[in-house]
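Position 163 (the sequence shown) corresponds to 161 in the numbering used here; numbering is contiguous.
Glycine is no exception: its CB is placed at the ideal position from the N, C-alpha and C atoms.
Below is one structure; the comments refer to it alone.
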Amino acid sequence: MTARVVIHGCRSNLAERDALASLAPDGATVINSCAVTTEAVRDARAAARTAARTGPVYVTGCAATLEPERFADVATIIPNALKLNGEAWGRAGQQPAVTRQSRAFVAVQDGCDHDCTFCVTRLARGPSRSVPLETTVARVAALAEQGVAEAVLTGIDTTSYGQDLPGRPLLGQLVQAILARTVLPRLRLSSLDAAEADDALLEALADERLMPQLHLSLQSGDDLILKRMKRRHSRADAVALAQRLHAIRPGIALSADLIAGFPTEGEAAHANSLSLLADCDLAQAHVFPYSPRPGTPAARMPQVPAAVAKARAAELRAESTRRLAAFTAAFVGLPVDTVSEGGQGLSAHGLRLRYAAPRPKGALVRLTPTHLNDGLLAE
């Protein structure tokens, strides 16, 4: 029997799944929690209460770090700073396991040095810390030798990679080193900050082994709201970056985070966010109604009524759904390269494809989808 790990939130949490499973006691449930919204904390609390009915529960991650009192009655709390420390789990001296999956999430950075007015991640994760370039290249090389078909580089503020390391290597330099010095078939990036995408990174997009999918941390399409969020880019910056990415890698799948109903947001500001999807030619958006977080400057600003924020989020999601459906449908009848996850595969553009029959996990499969099945490409 092994521990069960439940992942909430970001890909950085997902990257820790195997490590947490190897450190937690057999039969326990581990909740790797998120605190980006009030709802995320409630979800983690509900998951912990449910799991506590059947066995011991450990809660780690951002919600456990920032609001441990929400979980103390049903779970053992392991804060972020100790989550990968064997001693915190009663396994002194034990090193966390590495992934054994066909797709691997490789954490290259953690923490954040910025102070966006709505965000508690910096408080939960601490300052930005990068994994040395040589260490990461060696990890990816080892994964490739084990047969891992795809690695996803993750971080909380991935594009700040290297600023705390000797020589201050850029994320683009890390990506280029991985592509040049490993035999990994497919490399994928997670979220990028529009203010920090470096030229070396954009140049690397010309390599076919770097997947044509990028997620941009945009948050809003309105300049005044961006200033009140203390974001470091303007609307024009976001559009210019998207246009450059489309020029370098035609057909790239771009997505973005968008917050609906940020404090002081009016109808015109919301309209600017809505039009940003088309102006950046986004394949989809990840939309969140604004959720005030304790201790943040935005929580003290004049608030938009929750019902209005919810309605605006629904409008943004509807446009995102429409755009994703059109983007997906364009691949019907075209050859698509996928990495198999058994009954379905993941395309280079990050789209799920249902196989007519299961393929071996980790296999690289080229096929031509003939139709859509519940919105997914299918044979």
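- Remark: C-beta atoms of E148 and R101 approach each other more closely than 8 Å.
- For Q241, the secondary structure class from DSSP, reduced to helix, strand or coil, is helix.
- Here E85 is exposed. Its C-beta has fewer than 16 other C-beta atoms within 10 Å.
- DSSP places F325 inside the alpha helix (DSSP H), whose first and last residues are 304 to 327.
- If you check the CB distance, V173 and L199 come in under 8 Å.
- Across the set R68, A193, A297, the C-alpha of A193 shows the shortest separation from the C-alpha of L239.
- Checking the DSSP bridge columns, you'll see I75 partnered with V57.
- Residues Q217, F286, Y288 of the same chain have their beta carbon placed closer than 6 Å to that of I257, with the five preceding and five following residues left out of the count.
- Restricting attention to A1, R137, D162, A312, the CA atom closest to the CA of S271 is found in A312.
- Partner residues in the beta bridge of E148, as assigned by DSSP, are R101, R184.
- The alpha-carbon separation between P295 and T262 amounts to approximately 13 Å.
- According to DSSP, residue pairing for S345 in a beta bridge involves T336.
- Spanning the alpha carbons of V302 and Q171 requires a straight line of approximately 42 Å.
- A contact between stretches requires three or more CB pairs, one per stretch, nearer than 8 Å, and the stretch 23 to 41 meets this requirement with the stretch 60 to 67.
- The C-alpha of V39 lies about 15 Å from the C-alpha of N78.
- Secondary structure of T156 (DSSP, three-state): helix.
- For I5, the secondary structure class from DSSP, reduced to helix, strand or coil, is strand.
- If you look at D279, you'll find it isn't in any beta strand (DSSP E); DSSP assigns it neither H nor E.
- One Cα belongs to A178, the other to H231, and the distance between them is close to 31 Å.
- For N30, the beta-bridge partners assigned by DSSP are I5, T58.
- Taking C-alpha positions only, P300 is separated from R350 by approximately 41 Å.
- Our two residues, V237 and R229, have alpha carbons roughly 15 Å apart in a direct line.
- L375 places its beta carbon less than 8 Å from that of F329.
- From the listed residues E265, L131, D155, the smallest Cα separation to L163 is found for L131.
- In this structure, the CA atom of V146 is about 42 Å from the CA atom of K225.
- Of the other Cβ atoms in all chains shown, fewer than 16 fall within 10 Å of the Cβ of A323; this residue is therefore exposed.
- The DSSP assignment places complete alpha helix (DSSP H) segments of no fewer than 4 residues inside the stretch 160 to 209 at 169 to 179, 197 to 202, in order along the chain.
- Following the DSSP letters along the chain, one finds D255 inside the beta strand (DSSP E) bounded by residues 251 to 258.
- Judged by DSSP in its simplified three-state form, V106 adopts coil rather than helix or strand.
- V118 places its beta carbon less than 8 Å from that of R291.
- The C-beta separation of V150 from I176 comes to about 12 Å, leaving the pair out of contact by the 8 Å criterion.
- Where R68 is concerned, there is no enclosing beta strand (DSSP E), because DSSP gives it neither an H nor an E.
- Per DSSP, A46 is one residue of the alpha helix (DSSP H) stretching across 36 to 49.
- From the listed residues D16, N11, S273, the smallest Cα separation to A1 is found for D16.
- For A86, there is no enclosing beta strand (DSSP E), since its DSSP letter is neither H nor E.
- Taking the CA atoms as reference points, V363 sits about 45 Å from P66.
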